[in-house]
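The structure under discussion appears below in the form of structure tokens.
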Amino acid sequence: MSDHERRKYVRLHVPLEVRWQSASGGYTARVGDIGVGGCYVDSIAHVLVGEHVSLEVQLPTGGWLALGGEVVNHQPDAGFGVRFTDLTEASQETLARLVDSAGEGRPGS
């Protein structure tokens with residue numbers, strides 16, 4: 652099954668800064684794509700599949716959105732996928748607005 656088929660939520664390429672924390676330390680990176688269900692973090696730092704990470708994503712408005720999630724895949728020297736866990740309703744709404752606004756400029760949207 653492809654990544655696209657496994658995903659329950661749409662993800663869009665939205666280049667945003669992310670600060671993240673894992674058991675091995677704190678890092679700054681970029682989000683490769685993001686959706687209501689998760690994101691891909693472009694980072695060469697080592698993480699373990701199943702590990703919990705804390706994320707702060709910088710929104711286009713300049714604020715930061717705090718999120719938590721589980722690492723679901725890792726590509727060494729490239730990045731890792733995160734499935735968001737325990738999202739508040741406010742966080743879900745913020746993510747949905749972010750994805751919707753990013754998709755408005757795309758063909759077919």
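Throughout the sequence shown, residue numbering follows the working numbering, covering 652 to 760 in sequence.
All C-beta atoms, glycine included, are put in the ideal place defined by N, C-alpha and C.
Quick caveat, the model's predicted, so the values are computed rather than measured.
Can you tell me which residues form a DSSP beta bridge with residue i?
{"i": "Arg748", "result": "Answer by DSSP bridge pairing: none, since Arg748 is not bridged."}
{"i": "Ala717", "result": "Glu707"}
{"i": "Leu663", "result": "Ile685"}
In or out: residue i buried (at least 16 other Cβ within 10 Å) or exposed?
{"i": "Thr679", "result": "exposed"}
{"i": "Thr745", "result": "buried"}
{"i": "Glu656", "result": "The predicted model places Glu656 with a pLDDT of 40, which falls under 50 and marks its position as unreliable; any figure quoted below should be read in that light. Exposed: under 16 other Cβ atoms inside 10 Å."}
{"i": "Arg662", "result": "buried"}
{"i": "Ser694", "result": "buried"}
{"i": "Asp684", "result": "buried"}
{"i": "Gly732", "result": "buried"}
Using the C-alpha atoms, what's the distance from residue j back to residue i?
{"i": "Gly719", "j": "Leu738", "result": "8 Å"}
{"i": "Pro666", "j": "Pro711", "result": "10 Å"}
{"i": "Val700", "j": "Ala729", "result": "14 Å"}
{"i": "Gln726", "j": "His703", "result": "16 Å"}
{"i": "Ser675", "j": "Gln709", "result": "22 Å"}
{"i": "Ser705", "j": "Gly688", "result": "15 Å"}
Since residue i is in the beta strand (DSSP E), which residue starts that stretch and which ends it?
{"i": "Glu668", "result": "Leu667 to Ser673"}
{"i": "Gly683", "result": "Gly676 to Gly686"}
{"i": "Gly732", "result": "Gly730 to Phe735"}
Where does residue i fall in DSSP's three states?
{"i": "Ala696", "result": "coil"}
{"i": "Ser653", "result": "For Ser653, the pLDDT reaches just 41, beneath the cut-off of 50, and the residue's location in the model is therefore unreliable, leaving the point undetermined."}
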